[in-house]
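Trainee:
Number of protein chains: 2
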Amino acid sequence: MKSKVLKDFDTNDRIVVLNPADGDPRDPTTQLAQVSVAQKRLLVNVVFSEALVEKGMVGFPPALAKQLGVKSKKPVSIAPRNRPQSYDIIKKKYDHKPWTNDDIRCILDDIYNENLTDLEMAAFTLAIQYENLTMEETENLTKGFAYHGTQLTFNEPVYDKHSVGGIAGNKVSLVIVPIVAAAGLLIPKTSSRAITSPSGTADTMEVLADVSFSAEEIQEIAPKTRGMIVWGGHLNLAPVDSKIISRIERPLGLDPESIIIASILSKKLATGVKHLVLDMPTGPGTKLETRAKGTSLAHKFVEIGRRVGIEVECALTYADQPVGHAIGPALEAREALETLMGKGPRSVHEKSVELAGILLEMARLAPKREGSRLADEILRSGKALEKMKEIIEAQSGNPNIKPEDIEVGQYTAEVRAYADGYISHISNTAIKKIARELGCPVNKKAGMVLLHKAGEFVTKDTPLLRIFATKESHLERALSVANNSQMYKLEGMVIERISAAPID
Amino acid sequence: MKSKVLKDFDTNDRIVVLNPADGDPRDPTTQLAQVSVAQKRLLVNVVFSEALVEKGMVGFPPALAKQLGVKSKKPVSIAPRNRPQSYDIIKKKYDHKPWTNDDIRCILDDIYNENLTDLEMAAFTLAIQYENLTMEETENLTKGFAYHGTQLTFNEPVYDKHSVGGIAGNKVSLVIVPIVAAAGLLIPKTSSRAITSPSGTADTMEVLADVSFSAEEIQEIAPKTRGMIVWGGHLNLAPVDSKIISRIERPLGLDPESIIIASILSKKLATGVKHLVLDMPTGPGTKLETRAKGTSLAHKFVEIGRRVGIEVECALTYADQPVGHAIGPALEAREALETLMGKGPRSVHEKSVELAGILLEMARLAPKREGSRLADEILRSGKALEKMKEIIEAQSGNPNIKPEDIEVGQYTAEVRAYADGYISHISNTAIKKIARELGCPVNKKAGMVLLHKAGEFVTKDTPLLRIFATKESHLERALSVANNSQMYKLEGMVIERISAAPID
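These protein sequences, in sequence, are chains U and S.
All residue numbers for the first sequence refer to this note's numbering, where the first residue is 1 and numbers rise by one.
All residue numbers for the second sequence refer to this note's numbering, where the first residue is 1001 and numbers rise by one.
Next up, the structure:
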């Protein structure tokens, strides 16, 4: 069979079109098929139309063609989907039975090879949510995720820092990586783009330099600069995990603990990480709402890390409000640079040296509890800033960029205090909503700066927040959200005044 | 918008086609939509093609058009799918929390109204599989299933018999209904067509009479004849349950206990049943592999029945082998008629009078433990046969049909004993496989007759099984399965002879 890209058949679903002469539309087994093009394979739904494709052709909608790298008239093979061996293994959980290492490997192989339908993958993912995996199963899941896809290899141990997500304004990686690299350790950090938060580390770094590098490029550059900050999504790390996330977890808003652990540690395994500090933001509005939850998850991370050969130390971090003042890619990049120059906010400086210090201790460059002091020295000495310039240059950015050179949105407005009071809370959820209205993280220049933070006393009409937008309409929508979302909570305020009985 | 039936776009998936002018193919929210035509609503995937539909038209593939009763140029409304309120309720089970009655009603409403995707429905169904519902939740699920769809109402209590599936050759309903109706009780039995077994009660009855009747027809005919045997699938009983079965349970091979109970009892609630005898075939190859499982499920059925106002008595029945000798719609209809004429196999006779007897006891027509004697009297007196003729006539069949008038497949062959021995086991699974090769239950004339049953001693080459096929190719395939499946297990046989070391 030959491929045909269908300009006139548009869908984001995984559907291909055959001519009725090439299959029996009434046979239900032909409705689901495995399509292979070059090295790629995908499970697709098959529809039939004489008008859209000639006999002998497999028609691909444009989005799917792009995903598979299909051009017209390339050889394609299409076969009825094999009944997956692994589905019987998934069903063991219907009877609450454990999965062996071979079981998990078999399931993940079938997901990798596109032998499982979304429903069957959901049965697997929901088994993990409902049944809770044992430590042994989680260990095997971690190794299993790391098995498929890209493997980065280095001739020395890799150090890394990772955040268990969920908090706005977390630009500390841009400070930690140069500190650790300046100390001589190897830290080629792969990071993600934001999905629901205003800016991921990769989005922020992209303001300063390129972040898309191949495995070969990273393996060549990182040993020289000692540090990099790149986008991991480009690298095909743990692709089975990515399929589960995009097809099941995201549509269902699902995030089972064992997959959180396996997802993070498998990517670390695949990138050669041997020592890892995990930033675990804890508090309302984060994944870890209570300290007890944070501690429990941390213990599991340490144990699974031990089992797969990664030294893990977790730091439960304060996350009642954003770290620093800046939110949004450009503004965060600016704040990170300022911190490296010694003039950033105290919270960014402190969190960065604390987490970097843990890695320095793991490397025996400092005694226990003394790592943050060494990290602080490196930062204050200007060596971290020099290292960051080196990294930016190696990643094709401008090493001499100054914070004030970074462009931000030209439409600005302020949100002011509606009463006198102490700021008792700043809502992470409200920040995310405002950032979404501004178009972050795609709109790199958009964002906001918190002018006052929790604990401070403000008088009525004091500016609390400055918003930066790239379009006037964005600014208006963001302001409307900011004014309606109780983003700042002021103690002593009047929440509501009632002067009449409610209308029924 | 107007509908268009697309002769040249063939799929069994739920897909509609729009002209790109009527939506934005790049907007992911337009890829999933609710389509409403007349009273019917469905959640569909949307694809775009200028070639297939003009602006202002919604194109339906033929199978979907048929399902929705769509003809070309009918008004259709299509709207982006609403985010379901109920999904947050489903997610309560991720934290192992109970569902209230309102919770369950809200979820089922959203399934009924096509607000949930298959993945979200899977999260619901798998929650029930993994988490096990409480009795209260199962009660609410039962009432919830019964809420939507058709309700049959009668001016008197309805009696019913139902089998918890999974056994071949179970034609006893065709004997029980006329016995109970002859005793004066109202028993309008709705039954199913077979999915994986050789013949469902509706398939077997259809050999003798029509089985598709509207709710109004049943409400009119049944009070006169006292009994009917109709196809329930025609009636839109508990449609939410049906959606869960066809979209989730069947593709996943899933059958959680709470849904087994709710599925059966909800249909009984919707048809006005007040007294129910449940046939629970127990043994290897059935749903209830052990007696302990059968007893446990029976207790739950009785309790949920009590809570929803149905008196339930369960009979765990012997199911190590088929009841009677005949398998397949025509052969089973023949055997049921023979039993009503007093010349059927003992196992069919016994099982029928035992189960009918329980209903007679519930109606106080016989004292406890004496019901089967009364049922036996009714059967032997010929009153049940007369009643069956009356029912067949009322359902537009030929009341004077004789067993030998029923046509069966003209291609026949026998399977013979491969050794001397006692028949220790007849495999239900093998019977199902053979029947599938013969095309049962669609091929009504195909089937098989067991010439000897478990416990009997047979000598080598004794005919054990006679197969009836409507095509020679079917016969060959069925024979091949019969000879390779160890359908009959003979004690003392040589299973395998080994004269060389295995090749590695």
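Quick reminder that beta carbons are idealized off the backbone N, C-alpha and C, glycines included.
State the DSSP-derived secondary structure class of residue 440 of chain U, mapped to helix, strand or coil.
Mentor: It is coil, neither helix nor strand.
Trainee: Based on DSSP bridge pairs, tell me the residues matched to residue 279 of chain U.
Mentor: DSSP lists U:163, U:315 as partners of residue 279 of chain U.
Trainee: By the 7 angstroms beta-carbon criterion, what residues does the region 6-25 of chain U contribute toward chain S?
Mentor: Those residues of the region 6-25 of chain U that come within reach of chain S (Cβ to Cβ, closer than 7 angstroms) are 8, 9, 10, 11, 12, 13, 15, 20, 25.
Trainee: Can you tell me the Cα-Cα spacing of residue 124 of chain U and residue 366 of chain U, whole angstroms?
Mentor: Approximately 44 angstroms, taken between the alpha carbons.
Trainee: Kindly indicate if chain S contains any beta-carbon less than 7 angstroms away from that of residue 251 of chain U.
Mentor: Closer than 7 angstroms to some Cβ of chain S, the Cβ of residue 251 of chain U qualifies, so yes.
Trainee: Run through the region 67-123 of chain U for me and flag every whole alpha helix (DSSP H) of 4 or more residues, listed as ranges in chain order.
Mentor: Here the runs fully enclosed are 86-90, 101-112.
Trainee: Among S:1077, S:1072, S:1135, which one has its Cα closest to the Cα of residue 1098 of chain S?
Mentor: Checked all of S:1077, S:1072, S:1135; the closest Cα to residue 1098 of chain S is S:1135.
Trainee: Would you list the residues sitting across from residue 1036 of chain S in a DSSP beta bridge?
Mentor: Answer is S:1041, S:1077.
Trainee: Under the rule that 16 or more other beta-carbon atoms within 10 Å means buried, what is residue 162 of chain U, buried or exposed?
Mentor: Flag for residue 162 of chain U reads buried.
Trainee: Using a C-beta to C-beta distance shorter than 8 angstroms, which residues of chain S count as neighbours of residue 321 of chain U?
Mentor: Those do not exist, as residue 321 of chain U stays about 26 angstroms from chain S at its closest Cβ, beyond 8 angstroms.
Trainee: Give the secondary structure of residue 496 of chain U by DSSP, where H, G and I count as helix, E and B as strand, and everything else as coil.
Mentor: With a pLDDT of only 39 at residue 496 of chain U, under the threshold of 50, the placement of this residue in the model should not be trusted; the figure read from the coordinates follows. Residue 496 of chain U falls in the coil class under three-state DSSP.
Trainee: Counting along the chain, where does the alpha helix (DSSP H) carrying residue 303 of chain U start and finish?
Mentor: Here the alpha helix (DSSP H) through residue 303 of chain U covers 291-308.
Trainee: Taking 7 angstroms as the cut-off, decide whether the C-beta atoms of residue 336 of chain U and residue 171 of chain U are in contact.
Mentor: Cβ atoms of residue 336 of chain U and residue 171 of chain U: closer than 7 angstroms.
Trainee: Taking the alpha carbon of residue 2 of chain U as the reference point, which residue from U:55, U:421, U:287, U:478 has its own alpha carbon closest?
Mentor: Among U:55, U:421, U:287, U:478, the Cα nearest to that of residue 2 of chain U is on U:55.
Trainee: Look up residue 1418 of chain S in the DSSP assignment and say whether it is helix, strand or coil.
Mentor: Residue 1418 of chain S falls in the coil class under three-state DSSP.
Trainee: List, in order along the chain, the chain U residues whose C-beta lies closer than 7 angstroms to that of residue 1424 of chain S?
Mentor: Within 7 angstroms Cβ-Cβ: nothing; residue 1424 of chain S doesn't reach chain U, min ~27 angstroms.
Trainee: Nearest by alpha-carbon distance to residue 44 of chain U: which of U:60, U:295, U:301 is it?
Mentor: Per the Cα distances, U:60.
Trainee: Quick one: measure Cβ to Cβ for residue 1431 of chain S and residue 1322 of chain S, integer angstroms, because I've assumed they're closer than 8 angstroms.
Mentor: Contact flag correct, Cβ pair sits at about 7 angstroms.
Trainee: For residue 1088 of chain S, count neighbouring C-beta atoms within 10 Å of its own C-beta (all shown protein chains included) and say buried if the count is 16 or more, exposed if not.
Mentor: Under this definition residue 1088 of chain S is an exposed residue.
Trainee: With a cut-off of 7 angstroms, does the C-beta of residue 31 of chain U fall near any C-beta of chain S?
Mentor: For residue 31 of chain U, the answer is yes, since a Cβ of chain S falls inside 7 angstroms of its Cβ.
Trainee: Roughly how many whole angstroms lie between the Cα atoms of residue 1127 of chain S and residue 1239 of chain S?
Mentor: Approximately 20 angstroms between the Cα atoms of the pair.
Trainee: What separation, rounded to the nearest whole angstrom, lies between the Cα atoms of residue 1179 of chain S and residue 1222 of chain S?
Mentor: The straight-line gap from Cα to Cα measures roughly 14 angstroms.
Trainee: Pairing CB atoms from the region 1227-1244 of chain S with CB atoms from the region 1176-1194 of chain S, are three or more of them under 8 angstroms?
Mentor: The answer is yes - the region 1176-1194 of chain S touches the region 1227-1244 of chain S, with three or more Cβ pairs under 8 angstroms.
Trainee: Please report the straight-line C-alpha distance between residue 119 of chain U and residue 374 of chain U, rounded to a whole angstrom.
Mentor: When rounded, the distance between both Cα atoms is 51 angstroms.
Trainee: Could you confirm whether any beta carbon from chain S is found closer than 7 angstroms to the beta carbon of residue 454 of chain U?
Mentor: Chain S, which has no Cβ nearer than 7 angstroms to the Cβ of residue 454 of chain U, makes this no.
Trainee: Could you tell me which residues DSSP puts in a beta bridge with residue 228 of chain U?
Mentor: Answer is U:188.
Trainee: If I follow the unbroken alpha helix (DSSP H) through residue 1329 of chain S, where does it start and stop?
Mentor: 1329-1340 is the span of the alpha helix (DSSP H), which, as asked, contains residue 1329 of chain S.
Trainee: Is there a Cβ of chain S sitting closer than 7 angstroms to that of residue 4 of chain U, yes or no?
Mentor: For residue 4 of chain U, the answer is no, since every Cβ of chain S falls outside 7 angstroms of its Cβ.
Trainee: What residue range is occupied by the uninterrupted beta strand (DSSP E) comprising residue 178 of chain U?
Mentor: No beta strand (DSSP E) contains residue 178 of chain U, which is instead part of the alpha helix (DSSP H) from 173-182.
Trainee: When the Cα atoms are used, what is the spatial distance from residue 1139 of chain S to residue 15 of chain U?
Mentor: Using only the alpha carbons, I get a separation of about 40 angstroms.
Trainee: Less than 7 angstroms separating the beta-carbons of residue 1186 of chain S and residue 1363 of chain S?
Mentor: No. Outside cutoff.
Trainee: Within 7 angstroms (strictly less), CB to CB, does residue 124 of chain U reach chain S?
Mentor: No, because no Cβ of chain S sits closer than 7 angstroms to the Cβ of residue 124 of chain U.
Trainee: Could you tell me which of S:1339, S:1157, S:1419 sits nearest to residue 1311 of chain S, measuring between CA atoms?
Mentor: Comparing Cα positions, the closest option is S:1157.
Trainee: Beta strand (DSSP E) containing residue 1467 of chain S: first to last residue?
Mentor: 1463-1469 is the span of the beta strand (DSSP E), which, as asked, contains residue 1467 of chain S.
Trainee: Just mark residue 1407 of chain S as buried or exposed, buried being the case when its beta carbon has 16 or more other beta carbons within 10 Å.
Mentor: Under this definition residue 1407 of chain S is an exposed residue.
Trainee: Could you check whether residue 1175 of chain S and residue 1352 of chain S sit closer than 7 angstroms to each other, using their CB atoms as the reference points?
Mentor: Closer than 7 angstroms, so yes.
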